[in-house]
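Under the working numbering, the first residue of the sequence shown carries the number 788, and numbering increases by one thereafter.
Below is one structure; the comments refer to it alone.
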Amino acid sequence: MADIKAAAPEMVSAFFGFDKSVFSKNSGNLDLATRELIAVGVAVTTQCPFCIEDHAKRAIKAGASKADVAEAVMVVAALRAGGGVTHGWKAMKAIAESD
788 MADIKAAAPE
798 MVSAFFGFDK
808 SVFSKNSGNL
818 DLATRELIAV
828 GVAVTTQCPF
838 CIEDHAKRAI
848 KAGASKADVA
858 EAVMVVAALR
868 AGGGVTHGWK
878 AMKAIAESD
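Right under this line is the structure:
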C-alpha cells in the first residue's frame with residue numbers, strides 16, 4: 788500500500804476518506820452491521836480475500852452474528868448461481884434460435 792500511496796497520495800487519501808465515511812458508525816440509514824454484511828457479500832463476489840476477512844470481522848464487531856455473515860454469503864451464492872442459470876438459459880435460447 789505504501790507504494791500506491793507514494794505514487795498517488797491524493798487519490799489514496801480520497802479513497803480512505805470515502806471508505807471511512809461509508810463505514811462510519813453513525814452515517815447513513817443502514818446500521819453499521821448491515822453495511823458490513825453488504826460489504827462481506829460484495830467482497831465474496833469480487834473475490835477479495837483481504838476484504839472478506841476484514842469486513843467479516845468488522846460485521847461481527849458491529850453486532851452481526853456468525854449466522855448473519857453465513858446468510859449474507861449464501862445470498863451472494865444464490866445470486867452467483869442465478870447468474871449461471873440465466874447464462875445457461877441464454878445458451879439454450881441461442882440454440883433454439885439457430886434451429
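Using N, Cα and C, we set each Cβ at its ideal position, and we do this for glycine too.
Predicted, not measured: the structure shown is a model, and the values here were computed from it.
A residue is called buried once 16 or more other Cβ atoms fall within 10 Å of its Cβ, and residue 797, having fewer, is exposed. Assigned with DSSP and collapsed to three states, residue 852 falls in coil, not helix or strand. By the CB criterion at 8 angstroms, residue 819 and residue 810 fall inside the cutoff. Residue 808 is positioned such that its CB atom lies closer than 8 angstroms to that of residue 814.
Ranked by Cα distance from residue 866, the options 821, 855, 828 are led by 828. Closest in C-alpha terms to residue 862, from the list 873, 825, 842, comes 825.
Straight-line measurement puts the Cα of residue 847 at about 32 angstroms from the Cα of residue 872.
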